[in-house]
Amino acid sequence: MPKMIKYTAEHMLAQVMDNIDGTDPTLEALKLYPIPELETDLSNYDQWERVLDFHLQYYGLDELVEFMKIDYPHGPGRDDFNTTDHWHRWQRHCLHAYSIINSKAAKVIEQGCLLDDWGPISHCPHDLLEAIREYRREVFNLD
49 MPKMIKYTAE HMLAQVMDNI DGTDPTLEAL KLYPIPELET DLSNYDQWER VLDFHLQYYG
109 LDELVEFMKI DYPHGPGRDD FNTTDHWHRW QRHCLHAYSI INSKAAKVIE QGCLLDDWGP
169 ISHCPHDLLE AIREYRREVF NLD
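The opening position of the sequence shown corresponds to residue 49 in this note's numbering, with each subsequent residue numbered one higher.
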């Protein structure tokens, strides 16, 4: 079994910053491949997740969301960063990723995937995406 690499919060922030440097300021790629609204019956879940992943990759946020689940299940804290500025940058990137995920899943979220047993809503993109995935597993009895 390969050894799991622990990514520090500073490393993850640097990855996001490196990925963002190449972003197309016209956002043409995003206009050509819009995220579909996730249907309440989840019938278009695979398409939604595929396009969502494209948008997160485009902004360099996909690794932020995925690394968090491995090393920081609920996100790193302020003490995990060298400076307050780095902490604030991290927070902005997390809020950006959260808004991308939330923007086209509002119907499903309102339907109850985060309002019943999920506890308070955080703005952690990983928590939001995992809540939607868990809701899908429950709806379709997947495990």
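Using N, Cα and C, we set each Cβ at its ideal position, and we do this for glycine too.
Fair warning: this is a prediction, and the values are worked out from it, not measured in the lab.
Legend entry - Short Cβ contact (8 angstroms threshold) for F129 with A57: yes
Inset, instruction - Measuring alpha carbon to alpha carbon, tell me which of N189, I148, F188 and D89 ends up nearest I83. - result: I148
Inset, instruction - Keeping to the same chain, check which residues put their C-beta closer than 6 angstroms to that of Q159; ignore five residues upstream and five downstream. - result: T88
Legend entry - Through-space distance from E85 to G108, alpha-carbon basis: 22 angstroms
Legend entry - Top-ranked residue by Cα proximity to L90, from K155, C172 and H141: K155
Inset, instruction - Compute the minimum distance between the beta carbon of V113 and the heavy atoms of the ligand NAP, and state whether it is under 7 angstroms. - result: Judged by which ligands are present, the structure shown has none, so any question about the ligand NAP falls away.
Inset, instruction - Check the C-beta distance from R184 over to Y93 and give it rounded, since I have them as a contact under 8 angstroms. - result: 6 angstroms
Inset, instruction - Just the C-alpha distance for V99 and Y81, rounded to the nearest angstrom, thanks. - result: 7 angstroms
Legend entry - Residues of its chain near L78, where Cβ-Cβ distance is below 7 angstroms and the 5 sequence neighbours each way are ignored: H103 and Y106
Inset, instruction - For T132, name the three-state secondary structure that DSSP assigns. - result: helix
Legend entry - Counted within 10 angstroms of its Cβ, other Cβ atoms place M65 as buried (16 or more) or exposed: exposed
Inset, instruction - Tell whether a beta-carbon distance below 8 angstroms holds between Y145 and V187. - result: Checking the displayed sequence, the identity of residue 145 turns out to be Ala instead of Tyr. Not a contact, by the Cβ cut-off of 8 angstroms.
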